[in-house]
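**Student:** I am attaching a structure below and will ask some questions about it afterwards.
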Amino acid sequence: MNRTSPIKSLYAEAGEPSLEHRRMKLAFNYVLKLKSLPRNTCHEVVFEAPLSDFSAATKSEPNLVANTFEHFKNANISLNIIDNLHVQCPPPWEEHNINVGISLTKQNKENTSEVAYQKEFFRIKENFSNHYAVFTDGSKLEEKVAAATYFSEHPDRSKATRLRDGASVFSAELEGIALALSEIKKTH
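In this text, residue positions in the sequence shown follow our numbering: the first is 7, and each later residue adds one.
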């Protein structure tokens, strides 16, 4: 005779929380995020409507919102301590006029010599003679991924790090930039 295991024991064996706990975690995350965003259209419905509106559900189980509030109450978590997120309007990338030089991208790589790129690079460098160069790189060889940054005027501040196996080369490039920015921030 075949016997099946109860669902809860299967979850335990698989190291997975039960569906009830997963739903509750999602509900907690939703309520916490919504609480921090008072301009969200659902904020008023969830936080300003009387709780009796939620408990008057026609189902035999309490409404998700009422149930979530009950869990917060049982865990002694006050929703009053959650700060509102202040979303900047307009976003910073529209507010600040950031001058980005893209002259190196205007030429077709296939038809442009290396010397032409070097000349353009040195022309750009002349405009920033009181600055020093910071080089970043990310690379991937098979599954090994790494990132590095090099400071031309301060080689001792150069850094390199290894990323988890299988990470993308894009992640490595970003990590190289993050290393450089972190090191620059320490000195400015």
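Beta carbons are placed, not taken as given, at the ideal position from N, Cα and C, and that holds for glycine. None of the values given here were measured: they were computed from a predicted structure.
Between the alpha carbons of S119 and L185, how many angstroms are there, rounded?
**Tutor:** In the sequence shown, residue 119 corresponds to position 113, counting from 1. In the sequence shown, residue 185 corresponds to position 179, counting from 1. Distance between the alpha carbons of S119 and L185 is about 31 Å.
**Student:** Is E116 near Y138, with beta carbons less than 7 Å apart?
**Tutor:** Here residue 116 is taken as the residue at index 110 of the sequence shown, counted from 1. Here residue 138 is taken as the residue at index 132 of the sequence shown, counted from 1. Going by C-beta atoms, E116 is not nearer than 7 Å to Y138.
**Student:** Count the CB pairs spanning the segment 175–191 and the segment 150–158 that are closer than 8 Å, and state whether there are at least three.
**Tutor:** Verdict: yes, contact present.
**Student:** Could you tell me how far apart the beta carbons of V121 and G144 are, in whole angstroms, since I believe they sit closer than 8 Å?
**Tutor:** Taking the sequence shown and counting its residues from 1, one reaches residue 121 at position 115. Taking the sequence shown and counting its residues from 1, one reaches residue 144 at position 138. Rounded, the Cβ-Cβ distance is 26 Å, inconsistent with contact.
**Student:** Identify, in the order they occur along the chain, each residue of the same chain with its Cβ nearer than 6 Å to the Cβ of E189, setting aside the five sequence neighbours on each side.
**Tutor:** Here the question's residue 189 lines up with position 183 in the sequence shown. R163, listed in sequence order.
**Student:** Quick one: is A18 buried, meaning 16 or more other Cβ sit within 10 Å of its Cβ, or exposed?
**Tutor:** Position 12 of the sequence shown, counting from 1, holds the residue named residue 18. Answer is exposed; the Cβ neighbour count stays below 16.
**Student:** In whole angstroms, what is the alpha-carbon distance linking T167 and K14?
**Tutor:** For the purposes of this step, residue 167 is identified with residue 161 of the sequence shown, where counting begins at 1. For the purposes of this step, residue 14 is identified with residue 8 of the sequence shown, where counting begins at 1. When rounded, the distance between both Cα atoms is 42 Å.
**Student:** Taking DSSP as the reference, what is the three-state secondary structure of R163?
**Tutor:** Taking the sequence shown and counting its residues from 1, one reaches residue 163 at position 157. Helix.
**Student:** If you count every other CB in all the chains shown that lies within 10 Å of the CB of E54, and 16 or more means buried, which is it?
**Tutor:** Against the sequence shown, residue 54 aligns to sequence position 48. With fewer than 16 Cβ atoms within 10 Å of its Cβ, E54 is classed as exposed.
**Student:** For the segment 90–157, which segments carrying the beta strand (DSSP E) assignment without a break, of at least 3 residues, lie completely within its bounds, in sequence order?
**Tutor:** Counting only runs of 3 or more, we get 140–147, 150–157.
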